[in-house]
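Note that the sequence shown ends on residue 795 in our numbering; no numbers are left out.
A virtual CB, placed ideally from N, CA and C, is assigned to each residue, including glycine.
Accompanying notes for the structure given below.
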Amino acid sequence: MDIHIQKLDRIEKRHFDLLLEADPSKRLVEDYLARSFCFEASKNKQFVGIIVLLPTRAKVLEIVNLAVKEDFRNQKVGQTLISFALTFARKNRYDVVEIGTGSTGFSQLYLYQKCGFRMTHIDSDFFIRHYQEPIFENSLQLKDMVRLSYVIQNLDD
Numbered sequence: 639m640d641i642h643i644q645k646l647d648r649i650e651k652r653h654f655d656l657l658l659e660a661d662p663s664k665r666l667v668e669d670y671l672a673r674s675f676c677f678e679a680s681k682n683k684q685f686v687g688i689i690v691l692l693p694t695r696a697k698v699l700e701i702v703n704l705a706v707k708e709d710f711r712n713q714k715v716g717q718t719l720i721s722f723a724l725t726f727a728r729k730n731r732y733d734v735v736e737i738g739t740g741s742t743g744f745s746q747l748y749l750y751q752k753c754g755f756r757m758t759h760i761d762s763d764f765f766i767r768h769y770q771e772p773i774f775e776n777s778l779q780l781k782d783m784v785r786l787s788y789v790i791q792n793l794d795d
């Protein structure tokens, strides 16, 4: 699959709508977008996905949002975006890439681990504390966030 990834200088409605599919809090999305690097994935000039990377601490980059349009899921778009994020981190001298996802997101957990991320801890009741409305995923109420990380191996060190 030939996927082109480019930096976004401006978030359009189509981007924001897709971001909200992965994170239903408009307030949280707007907050981290203002401090992040955003990239759009396209296939044959058609928008297929988005990834948002937020520097959180010295040498740490977090994938705060990763979303793929429904018609393009399970076609390696997410995996390509994660690979891009890891390359971006390496080129920009980050040491660690982190990601958090819901404990009920089985396909997301599988994808991140398949890409080399390792579970580091659980943030209990994260989704209860940070979201006004209950979120359901795979017929379960989402309560806990699973945190994962990937340690960058900079070959030129």
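Exercise. At what residues does the beta strand (DSSP E) containing GLU659 begin and finish?
Worked result: Taken as a continuous stretch (DSSP letters only), GLU659 belongs to no beta strand (DSSP E), being part of the alpha helix (DSSP H) at 651-660.
Exercise. Taking TYR670 as the reference, which of VAL734, PHE654, GLU708 has the closest Cα?
Worked result: PHE654
For this session: State the Cα-Cα distance for the pair LYS683 and ASN730, rounded to the nearest angstrom.
Result: 27 Å
Problem set entry | Collapsed DSSP secondary structure at ASP647 in the structure displayed | coil
Problem set entry | ASP795 classed as buried or exposed, judged by whether at least 16 other C-beta atoms fall within 10 angstroms | At ASP795 the pLDDT is 48, less than 50, meaning the model places this residue with poor confidence; the figure from the coordinates comes in the next sentence. Exposed, because fewer than 16 other Cβ atoms sit within 10 Å of the Cβ of ASP795.
Exercise. Taking C-beta to C-beta, are ASP733 and ILE790 nearer than 8 Å?
Worked result: yes
Exercise. If you scan the stretch 656-734 from start to end, which runs of the beta strand (DSSP E) of 3 or more residues do you find wholly inside it?
Worked result: 675-681, 684-695, 698-706
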